[in-house]
Amino acid sequence: MIDTINNEKVQKIPNKFVLSIDGKELDIITGIPYKISNSQNYIDDWGGGSGSSPRLSRHDHTPDHPFYSRQLWVLEKTSHPRGYKILSVRTTDCLDSLGGGHHEKLHLSSTSSTDDSLEDNPYNINQIWSFYFTDNSKSKEFQIHNEQNSCFLHSHGVFTRVRFSSCCNSSTSENSLNQIWKFIPAFDYKLNVVINNFKYKLSSNIKNYQIKKTIREDILDNQASSEATTTINFQEELTNKYGFSFNESLDFISETKLITTIPFIDIEKEFNFKYSFESNKQITIVNEESCMITKEVKVQPKSCVKAIDYVDFVKNVEIPFEATAEITALSDQFKKDGTIVKNAEVDSDAVKLFLKENNFQGEIIMSEGNSVIAKVNGVFSGSYFLKPYRKFEDTVPVISENITSNGI
1 MIDTINNEKV QKIPNKFVLS IDGKELDIIT GIPYKISNSQ NYIDDWGGGS GSSPRLSRHD
61 HTPDHPFYSR QLWVLEKTSH PRGYKILSVR TTDCLDSLGG GHHEKLHLSS TSSTDDSLED
121 NPYNINQIWS FYFTDNSKSK EFQIHNEQNS CFLHSHGVFT RVRFSSCCNS STSENSLNQI
181 WKFIPAFDYK LNVVINNFKY KLSSNIKNYQ IKKTIREDIL DNQASSEATT TINFQEELTN
241 KYGFSFNESL DFISETKLIT TIPFIDIEKE FNFKYSFESN KQITIVNEES CMITKEVKVQ
301 PKSCVKAIDY VDFVKNVEIP FEATAEITAL SDQFKKDGTI VKNAEVDSDA VKLFLKENNF
361 QGEIIMSEGN SVIAKVNGVF SGSYFLKPYR KFEDTVPVIS ENITSNGI
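Okay, so the sequence shown: first residue is 1 according to UniProt numbering, each after it adds one.
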């Protein structure tokens, strides 16, 4: 059973890229649960606690299975250079050599010291592991080396206990696969992105997209011998359409907020998407906006005036843009007391790994705290009104059936 708590006093394990023994950045993250498998057999604590020996199980338990947590493991960085502890999610015990060597069994063991330094607790080295690439290793497949006995974890098949081997098998070795361990993510991400700081490159023919659109005509007829004043009040509903498409793959984003200044009008608008959208697929937002027009008009004696109300309208414009995307993620967070907080913000390394694995093509500029900042490119398209205005024309006092008449 995985508990969910909101006790922020318990320190969570930071989400950082794991480094191999030679300093390479690996595609696994500390502080997030994984399954560890060899040839589709999974390291399972078998329901035991400190002092027991994990075994290999051929069963890949699903989250709804009562034994699911027996196969979940979390990496924690130690003060030992490029050394990590591997903790059981279920018990918080660590994988431990117990001082054994070649052909000894792997064990679970608790640690009485909260400090992983060897000076305070010399037995801590039994629980420190490093990661080696083999010649043909994939991004999440490694040899796992124990710092105490300088041996490698070695599989002897399903239902057997995990043991050690003093030999580092090469990819051409007959038993090479026995030392290849795969880390399988056992967590889900929920990503959020805020896209803002839109920069548009307006072409020289951009004015070709701007048209004048008549929205109302009024005939003001004053046959009196004195000047007349009338007030025109009306509200016009106008439809604006804004569209966005992105060159980068954003189809894995679960919630998206776009904050942009609309070209020509310098008004900042916020658009929210609850669900993901596909790269290069046009996303269109339709806004109904009210245009309120109020104006006092003076008409000279014995004259007739046509008042025409227009809006400047941008029609079917397409403008390339560059923008900044701030991407964050929520996932299960492991804490040092063994509890897991659901839907907590992960650190930026975990976000970067998710983007990498989902073939994100945007340029990552920087990371800060829980956020990854990236450049994205795309195309803005739209049809929308800019501003209303009025024009007057002298006319004869003849009223058309299709025009509103205001006799004075």
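By construction, the Cβ of each residue, glycine as well, lies at the ideal position given by its N, Cα and C atoms. Just so it is clear, the structure is predicted and the values come from calculations on it, not from any experiment.
Among the residues of its own chain, which have a CB less than 8 Å from the CB of residue i, if the five just before and after it don't count?
i, result
"Ile215", "Glu236, Leu238, Cys291, Asp309, Tyr310, Val311, Pro388"
"Arg390", "Ile293, Lys295, Ala307, Ile308, Asp309, Tyr310"
"Tyr200", "Pro263, Ile319, Pro320, Phe321, Phe380"
"Lys12", "Gly31, Gln333, Phe334, Lys335, Lys336, Val341, Ala344"
"Leu108", "Asp45, Gly48, Gly49, Ser50, Gly51, Ser52, Ser53, Pro54, Ser88, Thr91, Asp93, Cys94, Leu95, Asp96"
"Asn196", "Leu258, Ile259, Thr260, Ala323, Thr324, Glu326"
Of the choices the options, whose alpha-carbon is the least far from that of residue i?
i, options, result
"Pro185", "Pro33, Phe198, Ile319", "Pro33"
"Glu147", "Val162, Phe159, Ser165, Ser130", "Ser130"
"Gln71", "Gly47, Ile340, Lys391", "Gly47"
"Thr78", "Ile125, Gly101, Lys105", "Ile125"
"Phe246", "Phe321, Ile28, Ser50", "Phe321"
"Ile267", "Glu326, Tyr84, Lys315, Tyr242", "Tyr242"
"Val346", "Gly49, Lys24, Gly31", "Gly31"
"Leu330", "Ile319, Glu318, Phe354", "Phe354"
"Ser166", "Gly338, Gly101, Phe234", "Gly101"
"Ser369", "Asn272, Thr328, Val299", "Ser is not the amino acid found at residue 369; the sequence shown has Gly there. Closest option to Gly369, Cα to Cα, is Thr328."
"Leu220", "Glu393, Ile36, Asp22, Lys207", "Glu393"
"Asn287", "Asn240, Phe273, Thr230, Glu248", "Asn240"
"Val193", "Leu258, Lys281, Ser176, Leu386", "Leu258"
"Asn205", "Val317, Asp349, Ala323, Gln40", "Val317"
"Ile377", "Pro81, Ile364, Arg58, Ser110", "Sequence check: residue 377 is Asn here, not Ile. The residue with the shortest Cα to Cα distance from Asn377 is Ile364."
"Phe198", "Pro66, Thr229, Glu326", "Glu326"
"Leu191", "Lys140, Lys274, Asn149", "Lys274"
"Phe313", "Val372, Ile265, Ala224, His103", "Ile265"
"Glu227", "Phe271, Val297, Glu357, Asn149", "Val297"
"Leu299", "Asp60, Ile36, Asn15, Ile232", "This sequence places Val at residue 299; Leu is not what is there. Considering only alpha carbons, the answer is Ile232."
"Asp22", "Lys356, Glu76, Leu250, Gly83", "Gly83"
"Ile36", "Gln143, Ser110, Leu202, Gln127", "Gln143"
"Lys269", "Gln282, Glu289, Thr62", "Glu289"
"Leu153", "Leu106, Ile128, Val74", "Leu106"
Could you name the residues of the same chain whose beta carbon sits closer than 6 Å to that of residue i, not counting the 5 residues immediately before and after it, in chain order?
i, result
"Leu26", "Val18, Ser20"
"Tyr189", "Ala329, Ser331, Phe354"
"Phe187", "Ile32, Pro33, Ser331, Asp332"
"Asn38", "Ser155, Trp181"
"Glu104", "Phe164"
"His61", "Phe67, Tyr68, Gln71"
"Arg161", "Ser53, Arg55, Lys105"
For the alpha helix (DSSP H) that contains residue i, what are its first and last residues?
i, result
"Ala325", "Premise fails: Ala325 lies in the beta strand (DSSP E), 303-334, not in any alpha helix (DSSP H)."
"Phe354", "348-357"
Tell me the DSSP bridge mates of residue i?
i, result
"Phe264", "BP columns for Phe264 are empty, so no partner."
"Ser37", "Tyr42, Lys182"
"Phe131", "Ile144"
"His154", "Arg163"
"Cys291", "Glu236"
"Asp22", "Looking at the DSSP assignment, Asp22 forms no beta bridge with any residue, so it has no partner."
"Val372", "Ile327, Ser367"
"Gly83", "Its beta-bridge partners do not exist; DSSP assigns none."
"Ala228", "Val299"
"Gly362", "Paired residue(s): none; Gly362 is not in a bridge."
"Glu255", "Asn192"
"Thr284", "Gly243"
"Ser383", "Lys241"
Give the range of the beta strand (DSSP E) segment to which residue i is assigned.
i, result
"Leu26", "25-29"
"Cys94", "94-96"
"Leu108", "107-109"
"Lys199", "190-200"
"Arg55", "55-57"
"Val74", "73-77"
"Ile340", "340-345"
Does residue i pass the burial test, meaning 16 or more other C-beta atoms within 10 Å, or should it be called exposed?
i, result
"Phe159", "exposed"
"Asp64", "exposed"
"Gly382", "buried"
"Lys352", "buried"
"Gly99", "exposed"
"His145", "buried"
"Asp284", "The sequence given here has Thr at residue 284, not Asp. The residue in question, Thr284, is exposed, as its Cβ has fewer than 16 Cβ neighbours within 10 Å."
"Asp349", "buried"
"Pro81", "exposed"
"residue 409", "Residue 409 lies beyond the range of the chain shown here (1 to 408); nothing can be said about it."
"Gln179", "buried"
"Lys85", "buried"
"Asn272", "exposed"
"Thr229", "exposed"
"Leu202", "exposed"
Might you give, ordered along the chain, the residues of its own chain that have their beta carbon closer than 7 Å to the beta carbon of residue i, omitting 5 neighbours on each side?
i, result
"Lys315", "Tyr209, Ile211, Ser383"
"Glu8", "Residue confidence is low: Glu8 scores 46 on pLDDT, short of 50, so the model does not pin down where it sits. Its coordinate-derived value is still stated next. Cβ neighbours of Glu8 beyond the five flanking positions: none."
"Asn359", "Ser249"
"Ala374", "Ala325, Ile327, Gly362, Glu363, Ile364, Ile365"
"Phe244", "Leu258, Ile283, Gly378, Phe380"
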